[in-house]
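Each residue of the sequence shown is one higher than the one before, counting from 7 in this note's numbering.
C-beta: ideal position from N, C-alpha, C; glycine also.
None of these values were measured; they are calculated from a predicted model.
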Amino acid sequence: MYLFAGRHGGFGESFYVIDRAWLLAEGKVPYRDFEFAYGPVMLYGPVIIHSLTSIGIERAYYLFWAGSYLLGTYLLFKTVNMVDYPTASRQEIYLLVFLPGLFPIIRMGTNYTLLRFACPLFFVLLIHRWFRDSDGLRIRAMLASVALTAILLSISAETAIAFAFASIWICSFSNKAPAFKRGTAAAMLLVAFAALFWTAKELHVLDTLLADGSGAISFPIVMAPHIVLFFVAIFVCVCYVYWRLRDRRIDDNTIALVGFSVLMIPAALGRCDPSHVFWNGLAIFLASMFYLSNHKKAWSVCRLAFIAFAFLLPNLSEFYLFLPQLRAARYLNEHGRELARIGDVDTLFPSWRGRFFAPFGYRPNGFGTYRSSRVDYGRFEEVIDVSTQRTVDEKVAEMLARPESALIVPKEYDRYCQTDPVKERHYLTVLLLFPYFARAVHPVDVRNEICDYIHNEYRLAQEPNTHSVGYGLWVPRALKQ
């Protein structure tokens with residue numbers, strides 16, 4: 007994938023992190039000066055590699071991305087082998103959860119690597135072992151729980167929250183200590199975690215998570231095959247936990263994976279496409295596979311269902327949706343030099359000598375962001391994560407704060423502000439592999455205020471055309487013509 011699409015400044019999911027890494031390298035502060043949806047490790051990793059070597063930000067990012075995949079693969083292998091539930095199908099289980107994790111390589115994003123989602127599972131089993139081994143390790147295990155939560159917070163906030171819950175879950179159900187001691191330890195963990203997450207909130211690390219958690223980017227939950235498979239996995243795990251609690255045998259480390267999964271369910275069912283359900287439901291899928299692996303008929307059905315509904319069909323649908331980007335990358339490989347020459351703002355917009363603001367981004371080649379001291383992009387990457395009234399107001403305020411700047415706006419920019427219900431239903435049908443015909447319950451486009459502001463406060467000075475790679479120049483109406 008790097009040889010095919012790694013030379014264009016970003017591809018698939020990678021452009022978002024690469025652009026934010028550039029801002030960090032320029033001295034801007036994450037979460038304060040620019041929005042970022044993930045943990046700081048995803049930014050500082052590429053920038054540190056860039057600073058220690060002579061390679062550019064893009065190459066440093068892809069090196070970090072490849073390293074994340076390799077480390078995540080190792081941690082997934084260790085996790086599967088650390089599960090102490092007896093089974094003869096351990097190798098099959100590993101392959102079943104590993105192979106679906108390979109397809110996101112096509113996206114080239116560090117936000118979809120095995121490191122982000124296998125690391126917390128490894129930590130959960132590690133903490134379970136430390137709590138279980140002896141009471142003498144309890145304080146050490148509590149301190150380690152807080153430290154590992156901080157590490158996960160630096161990678162992905164939702165996994166850190168789920169891990170914190172799992173740590174309290176493990177501490178509470180450890181049957182080697184008296185109930186009072188377990189309760190005191192759980193209360194101390196709760197206070198430590200509250201302080202940690204309060205600090206993260208004050209540093210704005212949780213801003214995007216809180217917006218997404220309110221449903222800003224959620225999909226409707228339908229009885230698509232992958233969602234049904236997820237519900238079956240939950241049912242199997244609930245039955246197993248009930249059986250363990252009934253028989254007072256709750257020291258199995260798969261119980262720890264189930265505890266971690268409790269707070270990952272909202273993440274899985276929020277933006278509930280097959281990829282998010284698989285990644286966020288990884289622990290619940292893993293635990294349920296161990297439970298079913300000793301039942302021959304159930305295991306055969308489980309394997310076939312998982313291969314079909316979590317691997318083959320979802321990957322085919324996402325590949326179909328990804329084809330336009332792949333074709334664009336191939337075209338760029340053939341005509342990249344020509345596009346590089348015509349992307350400069352001095353060439354495209356010679357009538358304007360001042361500064362530019364690009365509220366919807368500016369990517370002359372369709373992938374990598376154009377970088378110039380004359381072009382500002384604001385705190386947000388295009389309108390990614392601009393999905394709430396607060397973020398829309400902030401986007402409008404950025405234009406209001408730059409009255410002397412002209413706007414670089416793509417052709418038919420209204421599509422960034424409005425949702426086409428017909429296209430959206432088609433997209434959901436293909437992505438979810440399930441016919442979706444429901445009407446929009448809330449047909450209000452919160453981003454309309456951005457386009458309305460542009461239309462009311464700016465005038466079109468240069469039409470978008472082929473020469474300007476589909477971007478137009480809008481100047482403030484208040485300026486003299």
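Item                                                                                                                                                     : Value
Counting only runs of 3+ residues fully inside the stretch 388-459, write out the beta strand (DSSP E) ranges in chain order.                            : 412-416
Between A467, C457, Y248, which lies nearest to F355 when the distance is taken from Cα to Cα?                                                           : A467
Could you tell me whether the stretch 63-76 touches the stretch 279-286, where touching means 3 or more Cβ pairs closer than 8 Å?                        : no
Quick check on V211: does DSSP put it in helix, strand or coil?                                                                                          : coil
Among the residues of its own chain, which have a CB less than 8 Å from the CB of V103, if the five just before and after it don't count?                : L82, V86, L288, F291, L292, M295
What did DSSP end up calling W358 once you bin it into helix, strand or coil?                                                                            : coil
Can you pull the DSSP bridge partners for R465?                                                                                                          : V481
Which one of W480, A124, L215 has the shortest CA to CA distance from E469?                                                                              : W480
Per DSSP, which one or two residues make a beta bridge with V381?                                                                                        : F362
Using C-beta distances below 8 Å, list every residue in its chain close to I99, excluding the 5 sequence neighbours before and after it, in chain order. : V86, T93, L292, M295, F296, S299
Which class does P110 belong to by DSSP, given the choice of helix, strand or coil?                                                                      : helix
Within this structure, are the beta carbons of S357 and A217 separated by less than 9 Å?                                                                 : no
Counting only beta-carbon atoms, is A193 nearer than 9 Å to chain B?                                                                                     : Going by chain labels, chain B is absent from the structure shown, which holds only one protein chain.
R408 to V389, Cα distance in whole Å?                                                                                                                    : 18 Å
Below 8 Å, how does it come out for the stretch 224-235 and the stretch 104-118: are there three or more Cβ pairs, yes or no?                            : no
By the 10 Å Cβ neighbour count, where 16 or more other Cβ atoms means buried, how is D25 classified, buried or exposed?                                  : buried
Beta-carbon separation of A163 and L212 under 9 Å?                                                                                                       : yes
Between the beta-carbon of F171 and the beta-carbon of G265, is there less than 9 Å?                                                                     : yes
Please list the terminal residues of the continuous alpha helix (DSSP H) segment that includes R252.                                                     : 231-252
Is it true that the stretch 7-22 meets the stretch 373-383, where meeting means three or more beta-carbon pairs spaced less than 8 Å apart?              : yes
Excluding five sequence neighbours on each side, which residues of the same chain lie with their C-beta closer than 7 Å to the C-beta of F247?           : Contrary to the premise, residue 247 reads as Val rather than Phe in this sequence. Once the five neighbours on either side are set aside, the close Cβ partners of V247 are I261, V264.
Tell me whether H56 is buried or exposed, calling it buried when 16 or more other Cβ atoms sit within 10 Å of its Cβ.                                    : buried
Hey, quick one: how far does the alpha helix (DSSP H) through V475 stretch, first residue to last?                                                       : Note, V475: premise wrong, no alpha helix (DSSP H); not H, not E.
If you compare alpha carbons, which of D391, P370, M7, M405 is closest to Y383?                                                                          : M405
May I ask you to report which of helix, strand or coil DSSP gives F128?                                                                                  : helix
For P36, which beta-bridge partners are listed by DSSP?                                                                                                  : F40
Among F317, V244, A484, A316, which residue has its Cα nearest to the Cα of H461?                                                                        : A484
Is it the case that the Cβ atoms of I456 and P365 are separated by a distance below 9 Å?                                                                 : yes
Taking its Cβ as the centre, do 16 or more other Cβ atoms sit within 10 Å of D391, making it buried, or is it exposed?                                   : buried
Buried or exposed for W28, please, with buried defined as at least 16 other CB atoms from any protein chain shown within 10 angstroms of its CB.         : buried
Does the stretch 141-159 come within contact of the stretch 193-208, defined as at least 3 CB pairs closer than 8 Å?                                     : yes
Among the residues of its own chain, which have a CB less than 7 Å from the CB of G45, if the five just before and after it don't count?                 : L159, S160, I161, S162, A163
Relative to the C-alpha of C177, which residue among R138, P126, Y326 is closest?                                                                        : R138
Where does the unbroken alpha helix (DSSP H) through S267 begin, and where does it stop?                                                                 : 260-268
Beta-carbon separation of L269 and F236 under 9 Å?                                                                                                       : no
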